[in-house]
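See below for the structure under consideration.
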Amino acid sequence: MRCQNLTEFGKPLTGETRPDMTVSGTEVLLKVTASGVCHSDLHIREGCYNLGHGQTLSFGDRGMKLPLVMGHEPAGRVIDAGPDAGDIDTSKDYVVYPWQGCGECHQCKLERENYCSAPRYLGMFVDGGYADLLKIPHPKYLFDIGDIAPELAAPLACSGLTTFSALKKVEDTIKIAPVVIIGAGGLGLMAIGLVKAMGGLPPVVVDIDPAKREAAVAAGASHAVDGAAEDAVAQVQAAVGGPALAVVDLVGAEPTASLAFDAVGKGGKIVIVGLFGGAAPWALPLIPVKALTIMGSYVGTLQEFSELMDLVAQGKVPVLPTQTHDLEQAENVLNQLEKGEIVGRAVLTP
Ligand SMILES: [Zn+2]
Ligand SMILES: [Zn+2]
Numbered sequence: 018m019r020c021q022n023l024t025e026f027g028k029p030l031t032g033e034t035r036p037d038m039t040v041s042g043t044e045v046l047l048k049v050t051a052s053g054v055c056h057s058d059l060h061i062r063e064g065c066y067n068l069g070h071g072q073t074l075s076f077g078d079r080g081m082k083l084p085l086v087m088g089h090e091p092a093g094r095v096i097d098a099g100p101d102a103g104d105i106d107t108s109k110d111y112v113v114y115p116w117q118g119c120g121e122c123h124q125c126k127l128e129r130e131n132y133c134s135a136p137r138y139l140g141m142f143v144d145g146g147y148a149d150l151l152k153i154p155h156p157k158y159l160f161d162i163g164d165i166a167p168e169l170a171a172p173l174a175c176s177g178l179t180t181f182s183a184l185k186k187v188e189d190t191i192k193i194a195p196v197v198i199i200g201a202g203g204l205g206l207m208a209i210g211l212v213k214a215m216g217g218l219p220p221v222v223v224d225i226d227p228a229k230r231e232a233a234v235a236a237g238a239s240h241a242v243d244g245a246a247e248d249a250v251a252q253v254q255a256a257v258g259g260p261a262l263a264v265v266d267l268v269g270a271e272p273t274a275s276l277a278f279d280a281v282g283k284g285g286k287i288v289i290v291g292l293f294g295g296a297a298p299w300a301l302p303l304i305p306v307k308a309l310t311i312m313g314s315y316v317g318t319l320q321e322f323s324e325l326m327d328l329v330a331q332g333k334v335p336v337l338p339t340q341t342h343d344l345e346q347a348e349n350v351l352n353q354l355e356k357g358e359i360v361g362r363a364v365l366t367p
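Pasting the structure below:
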């Protein structure tokens, strides 16, 4: 098999050829047809997140072991399976749920593998999709992509699921008051489409980039507010028709966290998804006074992925534009992503 390997944090990926893998038990071997390149792959390559206050969170300390084949947005075809894997249709293309857990811990027993205390996330804790072959422990992680091209389906495993799970956390209010979405990049555009698919009101979108605001309105946002405007909070609240009930922050920077906190009203929810970095600037007494819920959302559960793929099968989810690149270009693609030179999602094809 061919793979792109991270051997040292902060260093370029290196191409490698390894012996082909074999399967046993319930294991399934896939020929990778597409593998999305995600922003978090940049953090993995770097080896840490910025936590603000001059601190970082190191992936090495979190149990990430090198060498590692990154890639947590894989799609592929089944080419082999162990004797206990059951019947699998080998003529179909699948996208793989990558947020796999140990199956034993409290979180896994609650069917929240994505919060597992001994995670086996593909491309983070076990080898992932920057390769031409991928082995997974069980066919329950496979989802039929129907007629969608693998390079369009692959990013659903991370960007699609992340956005969907965040919106599920505020699903109770999106039909009553427009949800506010901060950040109109790829995730933001995905969120606008998902809100519609979930039956919500057209959302209010915030972004500092005029081109992205325009794209948000074209995608179905009711209003697009410049987050850098002095009266941004007032503009958001005017667009919502009152203090916001739900804000999804897809950026996760200090200015966006501030804006979210000021825009939301009593009983409101702030869901932080973005990992830009920094520290929270909030006045603590206002959290009880406004009875706020401030929650994080990290990817999504297997059940949520199943619900998302049902919406996809019904044609309700707009897929993001993608650019495909050869697997061997992984390092270049990451560098382009870092410089903001990738339009839409980048996908590697082996
Ligand atoms: Zn990702
Ligand atoms: Zn677990």
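Start counting the sequence shown at 18; every next residue gets the next number (my numbering).
Note that CB positions come from ideal geometry on N, CA and C, so glycine has one too.
Computed from a predicted model, the values in this text were never measured in an experiment.
Inset, instruction - Starting from the Cα of T10, find the closest Cα among D106, P227, A183, D164 and give me that residue. - result: Residue numbering for the chain in the displayed model covers 18 to 367; residue 10 lies beyond these limits and cannot be assessed.
* Do you know offhand how far T190's Cα is from L351's? -> 37 Å
query: Between which two residues does the alpha helix (DSSP H) containing A228 stretch?
result: 227 to 236
Relative to the alpha-carbon of A170, which residue among F322, K356, Q353 has its alpha-carbon at the smallest distance?
F322
Secondary structure, alpha helix (DSSP H): runs of 4+ residues fully inside the stretch 32 to 59: none
message = So if DSSP puts T359 in a beta bridge, which residue, or which two residues, is it bridged to?
response = Inspection of the sequence shows that residue 359 is occupied by Ile rather than by Thr. According to DSSP, I359 bridges with nothing at all.
Check: Nearest to C175 by CA position, among S52, R35, T366, is which residue?
Finding: S52
Checklist entry - From L344, G361, Q353, pick the residue whose C-alpha is nearest to that of R19; which is it? => result L344
Thinking C-alpha only, which one of Y132, S57, F76, L150 is nearest R35?
L150
Contact belief for V316 with N131 at Cβ below 8 Å, rounded distance in angstroms:
5 Å
Look at S314 and K186 and say whether their C-beta atoms are less than 8 Å apart.
yes
Specify which residues have a beta carbon nearer than 6 Å to any heavy atom of ligand 1, listing them in chain order.
C55, S57, H89, C175
**Study point:** Neighbourhood of G88 by C-beta, 6 Å cutoff - its chain only, sequence neighbours within 5 removed
**Key:** S52, G140, G145, G146, Y147
**Request:** Examine the Cβ distances between the stretch 188 to 202 and the stretch 258 to 273 and report whether three or more of them are shorter than 8 Å.
**Result:** yes
N- and C-terminal bounds of the alpha helix (DSSP H) containing D327 = 319 to 330
- [ ] Please confirm if the stretch 22 to 33 is in contact with the stretch 329 to 343, defined as three or more CB-CB distances below 8 Å between the two stretches.
- [x] no
Option nearest V95 by Cα separation, candidates V265, L85, Y138, I153: I153
Requested in this report: Under the assumption that L325 contacts L173 (Cβ atoms under 8 Å), give the Cβ distance between them as a whole number of angstroms.
Outcome: 7 Å
Point to revise | Nearest-angstrom Cα separation, counted from C55 out to A246 | key: 29 Å
Practice prompt. Output yes or no for whether 8 Å exceeds the beta carbon distance between T180 and L218.
Written response: no
Given the structure, does E121 come close to ligand 2, in the sense that its CB is under 7 Å from one of the ligand's heavy atoms?
yes
Review point. What residues in its chain sit with their C-beta under 6 Å from that of A263, if we drop five residues either side in the sequence?
Key: V187, T190, V196, K286
Legend entry - Residues near E168 in its chain [Cβ-Cβ closer than 6 Å; skip 5 each side]: A51, T339, T341, V364
Report the residue ranges of all beta strand (DSSP E) runs contained in full by the stretch 117 to 168; include only those spanning at least 3 residues, in chain order. 150 to 153, 159 to 161
| field | Own chain partners of L211 with C-beta closer than 7 Å, once the 5 adjacent residues on each side are dropped | value | T180, F181, L184, V334
Legend entry - Cβ-based burial, P115 [other Cβ within 10 Å; buried from 16]: buried
Please tell me whether, using a cut-off of 7 Å, the distance from the CB of G317 to the nearest non-hydrogen atom of ligand 2 is below it. no
Per the DSSP calculation, A94 is bridged to which residue(s)? Checking the displayed sequence, the identity of residue 94 turns out to be Arg instead of Ala. Answer is K48, bridged to R94.
Return yes when the Cβ of G163 is within less than 8 Å of the Cβ of A330, no when it is not. yes
**Request:** Check M81 in the structure and name its three-state DSSP category.
**Result:** coil
Inset, instruction - Please list, in chain order, all residues of the same chain as P84 whose beta carbon is under 6 Å from its beta carbon, the five residues on each side excluded. - result: N22, T24
| Between V112 and A92, which are expected to be in contact by the criterion C-beta below 8 Å, what is the C-beta distance as a whole number of angstroms? | 5 Å
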